[in-house]
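Presented below is the structure to which this report refers.
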Amino acid sequence: MELPEDALVQQHGFDSKGETYDFGTITILWSQPVSALQILSPDGKWRWVKHIPNALVVNAGDAMEFLSGGFYKATIHRVVQPPADQRGHTRVGAFYFAMTDDDVRLVPFAESPALQRAGIVRRCDDADAPTMEQWRRGRTSAYGQSELKKKDEVVEEEVINGVVVKHYN
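Each residue of the sequence shown is one higher than the one before, counting from 1 in full-length UniProt numbering.
So, in structure tokens, the structure goes:
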């Protein structure tokens, strides 16, 4: 995004204790030989994440989509049962969920030259943007509690803190 090297680092309290959820800035996981993770590709098809030995898989989260003004899209993903030939194998995962500090307002880095060239997409007005804490609490408290509105065959939506959240089936 052509920002100072520590622009995102400064907004993360790496030493602070907190809850971990899959809607922060990034999720990092070890690549696994047993398939289970799929991502929704731009053509609308679910694709297996290919295993690369000793590699990390990095998914962008909702907060990164907010902060990058849509430059980095949140990775739409799911975990499913492995293919039949892999179901008897043990699967062990190691995951790291990163979020900004709770008081960071989830607005795009408008000063980023890369974002200015690409065009910033705001999910809400900057004045209405939730903080990381509001977004985290809103997402966790709504989980399984809210009525989802069917948009089409594969997408359902809900509104959390004034922001539309899509769920993919």
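Don't be surprised by glycine CBs; every beta carbon is placed ideally from N, CA and C.
Member of the options whose CA lies at the smallest distance from the CA of residue i
i: Trp46; options: Pro53, Gln38, Ile52; result: Gln38
i: Asn161; options: Ala114, Ala129, Phe66; result: Ala129
i: Ile52; options: Trp30, Thr75, Glu133, Arg139; result: Trp30
i: Lys151; options: Tyr143, Glu65, Val164; result: Val164
i: Met1; options: Gln11, Asp62, Ser68; result: Ser68
i: Gly61; options: Arg136, Ala74, Val49; result: Ala74
i: Ile76; options: Gln86, Met64, Lys149; result: Met64
i: Ala98; options: Asp125, Ile120, Gln11, Asp6; result: Gln11
Buried or exposed by the 16-neighbour rule on C-beta atoms within 10 Å, applied to residue i
i: Ser112; result: buried
i: Gly24; result: buried
i: Leu56; result: exposed
i: Phe95; result: exposed
i: Val154; result: exposed
i: Pro83; result: exposed
i: Thr90; result: exposed
i: Pro108; result: buried
i: Arg123; result: buried
i: Ala110; result: exposed
i: Ala127; result: exposed
i: Arg136; result: buried
Residues near residue i in its chain [Cβ-Cβ closer than 7 Å; skip 5 each side]
i: Val79; result: Ala36, Leu37
i: Leu3; result: Phe109, Ser112
Element boundaries [beta strand (DSSP E), containing residue i]
i: Leu40; result: 37 to 40
i: His77; result: 77 to 79
i: Val159; result: 155 to 160
i: Arg87; result: Looking at the DSSP string, Arg87 is not in any beta strand (DSSP E), and its letter there is neither H nor E.
i: residue 184; result: Any answer about residue 184 is impossible in this case: the structure gives the chain only from 1 up to 169.
Residue interval of the alpha helix (DSSP H) (run including residue i)
i: Arg139; result: 132 to 142
i: Ala63; result: 62 to 67
Other residues of its chain near residue i: CB distance less than 6 Å, five sequence neighbours each side excluded
i: Phe71; result: Leu115, Ala118
i: Ile28; result: Leu56, Val58, Tyr96
i: Pro33; result: His51
i: residue 174; result: Look at the range of the chain in this structure, 1 to 169, and you will see that residue 174 is not part of it.
i: Glu157; result: Lys149, Lys151, Val164, Lys166
Sequence-distant residues of the same chain with beta carbon closer than 8 Å to residue i, five excluded per side
i: Thr131; result: Asp102, Asp103, Val104, Arg105, Leu106
i: Gln134; result: Asn161
i: Ser41; result: Arg47
The ligand MN heavy atom lying under 8 Å from the CB of residue i
i: Asp43; result: Absence of the ligand MN from the depicted structure is noted, as is the absence of any ligand whatsoever, leaving it without description.
message: In chain order, what are the residue ranges of uninterrupted beta strand (DSSP E) at least 3 long that sit wholly in the region 89 to 129?
response: With a minimum length of 3 residues, the continuous beta strand (DSSP E) runs that stay inside the region 89 to 129 are 95 to 98.
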